[in-house]
Amino acid sequence: TAFAAKPVPYFEGFEEGNTDQKNVAGWLQQSESGSNSWVANTTQTDYNRTRYAGSWNATLYRSNTDWLFQALTLEAGENYALSLYARQDKDNTSYANITAALGNAFNKDAMTTTLISKIGLTNGDYQLLTDTFQVAETKAYALGIKGYMNGAPYYISLDNILVSQEVYPLKDSLFFDVLTEEAVRTALAALTLTAVDTKGNTKHTFDNLAENWVLDLENKKATYTVA
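Following this line, the structure appears as structure tokens:
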């Protein structure tokens with residue numbers, strides 16, 4: 003249930019236990035305004051409601067401000083990372099936004115630590131929203147994700163929520179004056195590929211083989227496959 007604290011890493015892709023166009027399963031909800039809730043979606047693709055991944059996502063209808071709450075067990079002193087994917091169906095980022103926060107109860111007034119602060123959403127591709135954080139005490143916390151929409155767009159779409167331990171330091175991004183396959187492969191070949199444990203200690207270094215990289219230049223993605 004939404005009241006049983008989940009261990010980390012915790013992932014929610016809305017793929018299990020949901021009924022199409024009904025309230026999202028396994029999460030508690032609280033409304034600030036409007037009469038609609040976050041619902042699970044597997045059939046509707048208009049108004050930018052296609053899923054980010056898998057067969058399901060969650061959507062929130064226009065003129066609503068609503069919280070989703072989940073309970074997570076977090077440990078003091080550990081480094082955590084939150085990420086999620088969201089978008090709307092209009093271009094103006096003032097029309098819709100996402101907030102994420104931590105608190106001690108399933109209530110908007112108990113959300114005492116802001117993780118993501120009213121990030122404006124836009125039309126087009128899903129936006130990746132992220133934050134890193136620590137907690138001062140080992141216990142169960144309430145993770146809250148709030149969607150805000152005015153009356154202009156029709157839907158916010160939300161997918162692939164992940165809370166995990168940050169097991170390696172964030173790396174600088176790679177920037178290119180000209181995005182060509184040759185330039186990308188040259189930059190990737192200079193990387194050191196390592197496996198690390200939960201404390202960030204290197205356990206194994208992989209050979210960086212050029213043929214193991216699969217490039218998707220259109221979406222600016224590079225995937226390395228370990229045999």
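The sequence shown begins at 3 in the numbering used here and counts up one residue at a time. By construction, the Cβ of each residue, glycine as well, lies at the ideal position given by its N, Cα and C atoms.
Okay, do the segment 154–161 and the segment 85–100 touch, 3+ Cβ pairs below 8 Å being the bar? yes
Classification of Y226 by the beta-carbon crowding that lies within 10 angstroms, buried from 16 upward: exposed
Under three-state DSSP, which class holds A224? strand
Give the C-beta separation of G105 and M113 to the nearest angstrom, bearing in mind that I take them to be a contact with Cβ-Cβ under 8 Å. 4 Å
For G28, tell me which candidate among N81, L145, N94, Q46 has the shortest Cα-Cα distance. L145
Put V26 into one of helix, strand or coil per three-state DSSP. coil
Could you spell out the range, first to last residue, of the beta strand (DSSP E) harbouring T116? 113–122
Unbroken beta strand (DSSP E) run spanning E184, endpoints: Counting along the chain, E184 falls outside any beta strand (DSSP E), though it belongs to the alpha helix (DSSP H) covering 183–191.
Could you give the DSSP three-state label for L172: helix, strand or coil? Confidence is the limiting factor: at L172 the pLDDT is only 43, short of 50, which leaves the residue's position unreliable, though a coordinate-based value still follows. Reduced to three states, the DSSP call for L172 is coil.
Buried or exposed: where does G149 fall if 16 or more other Cβ atoms within 10 Å of its Cβ makes it buried? buried
Given this structure, state the Cα-to-Cα distance separating E213 from Q72, to the nearest angstrom. 42 Å
Do you know whose CA, among E220, V165, L193, F16, lies nearest L57's CA? The question names Leu, but residue 57 is Ser in the sequence shown. For the residues E220, V165, L193, F16, the minimum Cα distance to S57 belongs to F16.
CA nearest to the CA of T140, picked from N94, A197, T75: T75
Count the other CB atoms within 10 Å of the CB of L62; is the residue buried (16 or more) or exposed (fewer)? buried
Check whether R51 and Y157 have beta carbons under 9 Å apart: yes
Among N38, A224, Y143, which has the Cα closest to the Cα of K8? Y143
Selection from I121, K223, Q32, Y82 that minimises the alpha carbon distance to T67: Q32
With which residues is G105 paired in a DSSP beta bridge? M113, A144
With which residues is Q167 paired in a DSSP beta bridge? Y82
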